[in-house]
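Undergrad:
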Amino acid sequence: MMAALKISGSMSTALRSSNYLLSAKFLMQIHFTRKMSTDAHSIASQLNNSGLLRTQGLIGGQWRDAYDGKTIKVYNPATGEPIADVACMGGRETNDAISSAFDAFRSWSKITAAERSKFLRKWYDLLMAHKEELAQLITLEQGKPLTESMGEVNYGAGFIEFASEEAKRIYGDIIPAPLSDRRLFVLKQPVGVVGAITPWNFPLAMITRKVGPALACGCTVVIKPSELTPLTALAAAELSIQAGIPAGVVNVVMGNAPDIGDALVASPQVRKITFTGSTAVGKKLMAGSAETVKKVSLELGGNAPCIVFDDADLDVAVKGTLAAKFRNSGQTCVCANRILVQEGIYDKFANALLDAVQSMKVGDGFSEGVAQGPLINEAAVKKVDSLIHDATSKGAKVILGGKRHSLGSTFYEPTIISDVDNEMRISREEAFGPVAPLLRFKTEEDAIRIANDTNAGLGSYVFTNSIQRSWRVAEALEYGLVGVNEGVISTEVAPFGGFKQSGLGREGSKYGMDEYLEIKYVCLGNMNKD
Ligand code: NAP
Numbered sequence: 064m065m066a067a068l069k070i071s072g073s074m075s076t077a078l079r080s081s082n083y084l085l086s087a088k089f090l091m092q093i094h095f096t097r098k099m100s101t102d103a104h105s106i107a108s109q110l111n112n113s114g115l116l117r118t119q120g121l122i123g124g125q126w127r128d129a130y131d132g133k134t135i136k137v138y139n140p141a142t143g144e145p146i147a148d149v150a151c152m153g154g155r156e157t158n159d160a161i162s163s164a165f166d167a168f169r170s171w172s173k174i175t176a177a178e179r180s181k182f183l184r185k186w187y188d189l190l191m192a193h194k195e196e197l198a199q200l201i202t203l204e205q206g207k208p209l210t211e212s213m214g215e216v217n218y219g220a221g222f223i224e225f226a227s228e229e230a231k232r233i234y235g236d237i238i239p240a241p242l243s244d245r246r247l248f249v250l251k252q253p254v255g256v257v258g259a260i261t262p263w264n265f266p267l268a269m270i271t272r273k274v275g276p277a278l279a280c281g282c283t284v285v286i287k288p289s290e291l292t293p294l295t296a297l298a299a300a301e302l303s304i305q306a307g308i309p310a311g312v313v314n315v316v317m318g319n320a321p322d323i324g325d326a327l328v329a330s331p332q333v334r335k336i337t338f339t340g341s342t343a344v345g346k347k348l349m350a351g352s353a354e355t356v357k358k359v360s361l362e363l364g365g366n367a368p369c370i371v372f373d374d375a376d377l378d379v380a381v382k383g384t385l386a387a388k389f390r391n392s393g394q395t396c397v398c399a400n401r402i403l404v405q406e407g408i409y410d411k412f413a414n415a416l417l418d419a420v421q422s423m424k425v426g427d428g429f430s431e432g433v434a435q436g437p438l439i440n441e442a443a444v445k446k447v448d449s450l451i452h453d454a455t456s457k458g459a460k461v462i463l464g465g466k467r468h469s470l471g472s473t474f475y476e477p478t479i480i481s482d483v484d485n486e487m488r489i490s491r492e493e494a495f496g497p498v499a500p501l502l503r504f505k506t507e508e509d510a511i512r513i514a515n516d517t518n519a520g521l522g523s524y525v526f527t528n529s530i531q532r533s534w535r536v537a538e539a540l541e542y543g544l545v546g547v548n549e550g551v552i553s554t555e556v557a558p559f560g561g562f563k564q565s566g567l568g569r570e571g572s573k574y575g576m577d578e579y580l581e582i583k584y585v586c587l588g589n590m591n592k593d
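Residues in the sequence shown are numbered from 64 upward in steps of one, following this note's numbering.
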């Protein structure tokens with residue numbers, strides 16, 4: 064067995080650079096910042112002491128290397144430096160993880176709901192007890208500001224807490240029978256082994272949002288986190304073990320995504336695929352799942368409109384737009400992708416947004432007061448750049464930012480572009496970056512038409528002071544989530560999911576539980592005969 068901690072050499076250099084304020088000149092030369100207000104060395108030793116810095120996959124309760132010994136590097140997006148080498152697994156390891164989950168399902172699905180609830184509660188307590196370390200790990204591998212990472216731990220752990228409570232409320236039904244000698248029952252039973260594939264933008268919450276309800280219902284899971292952010296997933300899995308959740312109930316494999324995905328969809332033992340990520344990969348998994356007719360839940364890409372009406376409260380609209388657009392550097396599926404502003408308030412809103420965005424501090428997520436960290440990788444920067452170039456070549460104007468940040472690496476200037484129309488690529492594709500494109504509209508009907516003119520249908524936002532309008536527009540928007548005078552609307556107690564090509568099914572809330580349950584109808588006949 065390899066040691067759990069395999070921090071690469073350059074990471075230890077980065078760790079020693081804690082509290083080390085690099086000169087501006089040096090920053091320019093090396094094109095990244097290592098300024099950390101948090102002692103990164105103590106992050107690693109704390110994580111190591113609590114066993115949270117894991118680099119192997121988890122199969123049947125055992126930490127395992129890839130069978131061929133291959134590893135893959137995890138990088139800190141703020142510095143470009145490697146953090147750790149983790150096991151690079153594929154189909155063989157995935158098949159073993161599926162077998163472990165299949166074996167564990169027999170007993171996990173049979174214990175009482177109250178027992179499952181206690182295990183989940185214990186897991187929640189441990190996640191919260193290690194909140195700071197988990198948040199530091201998220202910032203280290205994903206880049207978001209530490210305060211946002213703390214928020215993610217609260218949010219992510221919330222799904223486990225909610226599931227621990229909801230586990231005890233998975234009720235069936237008794238249906239009044241049409242014949243007097245019959246009794247009709249509806250039982251709810253766990254679907255079985257679940258394959259859970261998750262993205263890098265919320266390394267903890269996208270996992271707990273799936274695994275919490277799955278375990279509460281009596282399912283077992285094989286998790287495949289993104290290769291870009293596996294460390295948080297592995298730390299969460301370690302805490303599931305410390306919570307006493309039996310071996311094989313939670314398994315984690317990471318590495319070769321297509322091989323792992325193919326193994327999950329091909330296996331008849333896997334009865335459900337739950338995926339969060341891009342629409343393109345979601346479609347592949349859906350097609351692949353057809354062969355074995357699995358249940359499928361998909362949380363896919365969005366193209367969120369943020370509609371600001373003339374009658375909106377300007378302050379509320381600016382604050383809400385700021386949160387909806389720039390959280391996690393614009394890298395959330397519900398980030399405002401098109402900001403539709405009514406002509407009467409357009410200039411005032413653009414100026415107020417400009418003031419607010421200008422004051423956002425960009426930097427390493429560990430630095431004090433940073434509101435925007437780096438983008439996840441170079442490909443993300445290139446995409447943002449190309450969308451801006453396409454828009455400006457068609458008449459849009461950059462009024463703020465529009466280029467890489469002087470910090471270098473994958474830092475990008477918070478950007479606002481005006482005079483955007485709904486045909487430009489930036490309005491048709493998910494930017495997944497810190498770019499706020501402003502589109503002008505005249506009437507409520509125009510706004511609804513433009514907002515709905517997309518294949519996506521996940522998050523949407525409306526800013527207005529009219530109660531009637533807020534109802535009319537919320538009902539007319541073809542979106543799974545609508546924020547009215549609010550830019551941050553996700554919570555574990557409400558259903559999250561998309562219309563159209565933004566996905567299938569819901570996560571969170573009581574509705575999210577149904578995704579992991581089969582409904583069984585039982586008819587008892589001949590009641591009057593002994
Ligand atoms: P992605 O490329 O689709 O990756 C998501 C996950 O799928 C990762 O674990 C990835 O593994 C894996 N994957 C990639 N190719 C695969 C394949 N052929 N078979 C099986 N798994 C495969 O998406 P992303 O770039 O990480 O995430 C951004 C996207 O996620 C955006 O479109 C965003 O809107 C969406 N998202 C949606 C929600 C929602 O709730 N609707 C929430 C968050 C994000 P590797 O990373 O290891 O390659």
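Using N, Cα and C, we set each Cβ at its ideal position, and we do this for glycine too.
1. For glutamine 421, count neighbouring Cβ atoms within 10 angstroms of its own Cβ and tell me buried if that reaches 16, exposed if not.
2. Tell me the rounded alpha-carbon separation between serine 572 and lysine 592.
3. Please give the ranges of any beta strand (DSSP E) in the stretch 388-464, keeping only runs that are unbroken, at least 3 residues long and fully inside the region.
4. Drop a sphere of 10 angstroms on the beta-carbon of glycine 307, count the other beta-carbons inside from all chains shown, and report buried for 16 or more, exposed for fewer.
5. Quick check on DSSP: helix, strand or coil for phenylalanine 562?
6. Roughly how far, in whole angstroms, is the beta-carbon of proline 276 from the beta-carbon of methionine 269, given that I think they are within contact range, below 8 Å?
7. Going by the C-beta, is valine 344 closer than 8 Å to any heavy atom of the ligand NAP?
8. Please look up how many angstroms separate the CB atoms of glycine 383 and glutamate 549, rounded, as I've assumed it's under 8 Å.
9. Would you mind giving the Cβ-Cβ distance between leucine 278 and alanine 226, rounded to the nearest angstrom? I have them listed as a contact below 8 Å.
10. Could you check whether the stretch 391-403 touches the stretch 481-501, counting it as contact only if at least three pairs of C-beta atoms, one from each stretch, sit closer than 8 Å?
11. Assuming alanine 259 and isoleucine 233 form a contact by the criterion Cβ under 8 Å, report the distance between their Cβ atoms to the nearest whole angstrom.
12. Do threonine 134 and threonine 118 count as a contact pair if the criterion is CB distance below 9 Å?
13. In whole angstroms, what separates the C-alpha of proline 266 from that of leucine 463?
14. Would you say the beta carbon of isoleucine 552 comes nearer than 8 Å to a heavy atom of the ligand NAP?
15. Taking the CB atoms as reference points, tell me whether leucine 197 and alanine 299 lie closer together than 9 Å.
16. Using the C-alpha atoms, what's the distance from lysine 358 back to lysine 335?
17. Can you list, in chain order, the residues of its chain with a C-beta nearer than 6 Å to that of isoleucine 238? Leave out the 5 residues immediately preceding and following it.
18. Rounded to whole angstroms, how far is the Cβ of glycine 114 from the Cβ of glutamate 301, which I believe are closer than 8 Å?
19. Which residues in the same chain have their Cβ closer than 6 Å to the Cβ of serine 330, if we skip the five residues on either side of it in sequence?
20. May I ask you to report which of helix, strand or coil DSSP gives arginine 569?
21. Counting C-beta neighbours from all protein chains within 10 Å, is the total for leucine 587 16 or more, i.e. buried, or is it exposed?
22. Within a Cβ cutoff of 6 Å, which residues of the same chain sit near lysine 273, ignoring the five residues on either side of it in sequence?
23. Rounded to whole angstroms, what's the CA-CA distance from leucine 291 to tryptophan 186? Just pull it up for me.
24. Assign tryptophan 534 to buried or exposed, taking buried as 16 or more other Cβ atoms, counted over all protein chains shown, within 10 Å of its Cβ.
25. For leucine 544 versus glycine 561, is the C-beta distance shorter than 9 Å?
26. Just reading off the beta strand (DSSP E) that glutamine 332 is part of, what are its end residues?
27. Please return the same chain residues whose Cβ sits closer than 6 Å to the Cβ of glycine 221, not counting the five positions on each side in sequence.
28. Let me check you understand the geometry: is the CB of leucine 291 closer than 8 Å to at least one non-hydrogen atom of the ligand NAP?
29. Is it buried or exposed, valine 333, if we count other Cβ atoms within 10 angstroms and call 16 or more buried?
30. Is there at least one non-hydrogen atom of the ligand NAP closer than 8 Å to the beta-carbon of alanine 329?
31. Following a CB-centred definition, is lysine 136 positioned closer than 8 Å to any heavy atom of the ligand NAP?
32. Rounded to whole angstroms, what's the CA-CA distance from serine 456 to serine 449? Just pull it up for me.
33. In terms of DSSP beta bridges, what is tryptophan 126 paired with?
34. Does the Cβ of tyrosine 542 have 16 or more other Cβ atoms within 10 Å, making it buried, or fewer, making it exposed?
35. Any heavy atom of the ligand NAP closer than 8 Å to the beta-carbon of asparagine 264?
36. Starting from proline 368, follow the beta strand (DSSP E) in both directions and report where the run begins and ends.
TA: Walking through what the data contain:
1. exposed
2. 43 Å
3. 399-405 and 460-463
4. exposed
5. coil
6. Between methionine 269 and proline 276 the Cβ distance is about 13 Å, and since that is not below 8 Å, they are no contact.
7. yes
8. 6 Å
9. 7 Å
10. yes
11. Actually they do not touch by this definition, with Cβ atoms about 19 Å apart.
12. yes
13. 30 Å
14. no
15. yes
16. 5 Å
17. Leu247
18. 6 Å
19. Ile161
20. coil
21. exposed
22. Ala259 and Thr337
23. 24 Å
24. exposed
25. yes
26. Looking at the DSSP string, glutamine 332 is not in any beta strand (DSSP E), and its letter there is neither H nor E.
27. Glu555
28. yes
29. buried
30. no
31. no
32. 10 Å
33. Leu121
34. buried
35. yes
36. 367-371
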